[in-house]
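Residue numbers (full-length UniProt numbering): 1 to 325.
Don't be surprised by glycine CBs; every beta carbon is placed ideally from N, CA and C.
Structure first, then comments.
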């Protein structure tokens, strides 16, 4: 009897190997109801919604990769629930052209691109003078997406306008184009604890600013600003009533496309009363100018805020940036 059982098990194993189906998970693998993705698990108690412009339809339920929604806009406006931890997963190759502002008003929602780089998912608009995303819900995440604008602008617009607290913008790409009225991310001065990290901002011409900041304890960390034109534009601009505890650290700035080409504006511009307790630490600037000035800091409140910020020189050496204009 034992011999018969062993033979039967061997036959079953052989059949499984032949069909390459030792295990079969037609609906994917999950852990406590949470999909396990290739890049690691996303821990949440909320729902997962999938979006794909290639295979999706807004008549689908959006709950699997087989039946995704067609647009992020539809998922936001019709299916996410506030304070549940819902996640919108944007599948590789997704493109979405906005004709009106998408407002994310629900708290605690994440929108994450699944491709290996932000360029795998592109959000764009050709409509003049519309903000692309307006985030009014607290505790939201935007990650691994690309944003661009091809419209004709007559007034200032933002790619992402944040009117909420504790929002994180992570590993996104912002192509600001040849638009003198465009802002990449605008963080409202009345909101607190917002974070921009690991993002890339590209501008070939004068712009309003890549980042507008002002809220207390804002953190702008580990981003790259490619302002590769001689006239240049502001990388960051402070707005609103003075707030304290802003951190700007470990960012890199390519400022000007020729050695010694000083942009028309300082890389960071401050309010006349900028607040106190800021930390501007270990930022790197290349191709700025023979001058060591870059950060436009003239107010005494900014004294002692600048630590180890550097500018490259023509001989390959570096100098410490003088924060004052």
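Judged by DSSP in its simplified three-state form, residue 308 adopts coil rather than helix or strand. Between residue 214 and residue 176, the gap from beta carbon to beta carbon reaches 8 Å or more. Looking at 255, 303, 283, 271, the one whose alpha-carbon comes closest to that of residue 277 is 303.
The C-beta separation of residue 273 from residue 237 comes to about 15 Å, leaving the pair out of contact by the 8 Å criterion.
Following the DSSP letters along the chain, one finds residue 202 inside the beta strand (DSSP E) bounded by residues 200 to 202.
Here residue 191 is not near residue 212, since their CB atoms are 8 Å or more apart. Considering only 247, 104, 271, 285, the residue with the shortest C-alpha distance to residue 305 is 247. Per DSSP, reduced to three states, the secondary structure at residue 120 is helical. A residue is called buried when at least 16 other Cβ atoms come within 10 angstroms of its Cβ; residue 203 meets this threshold and is buried. Around the beta-carbon of residue 125, 16 or more other beta-carbon atoms lie within 10 Å, marking it buried. With contacts defined by Cβ atoms closer than 8 Å, residue 185 and residue 168 do not form a contacting pair. Scanning 227, 242, 241 for the CA closest to the CA of residue 285 turns up 227. A straight line joining the alpha-carbon of residue 92 with that of residue 148 spans about 17 Å. By the CB criterion at 8 Å, residue 69 and residue 49 fall inside the cutoff. Taking each of 62, 67, 90, 89 in turn and checking the Cα distance to residue 78, the smallest one comes out for 62.
In this structure, residue 88 sits near residue 51, with a CB-CB distance shorter than 8 Å. Per DSSP, reduced to three states, the secondary structure at residue 279 is strand. Residue nearest to residue 283 within the set 249, 266, 254 is 249 (criterion: CA-CA distance). Spatial neighbours of residue 224 in its own chain (CB-CB distance under 6 Å, excluding positions within 5 residues in sequence) are listed in chain order as 200, 252. Annotated three-state conformation of residue 114 is coil, per DSSP. Taking residue 135 as reference, the option from 129, 162, 144, 155 with the minimal CA-CA separation is 162.
Leaving aside the five residues that flank residue 174 on each side, the residues in its chain whose CB is nearer than 6 Å to its CB run, in chain order, 147, 159, 184, 201. Apart from sequence neighbours up to five positions away, the residues of its chain that approach residue 60 with a beta-carbon distance below 7 Å are 67, 68, 69, ordered along the chain. For residue 143, the enclosing beta strand (DSSP E) covers residues 141 to 143.
Of the candidates 127, 197, 80, 80 places its Cα closest to the Cα of residue 105. Per the C-alpha coordinates, the member of 84, 53, 58, 75 positioned closest to residue 43 is 84. Looking at the DSSP output, residue 224 bridges to 200, 252. With 16 or more other CB atoms across the displayed protein chains lying within 10 angstroms of its CB, residue 208 is buried.
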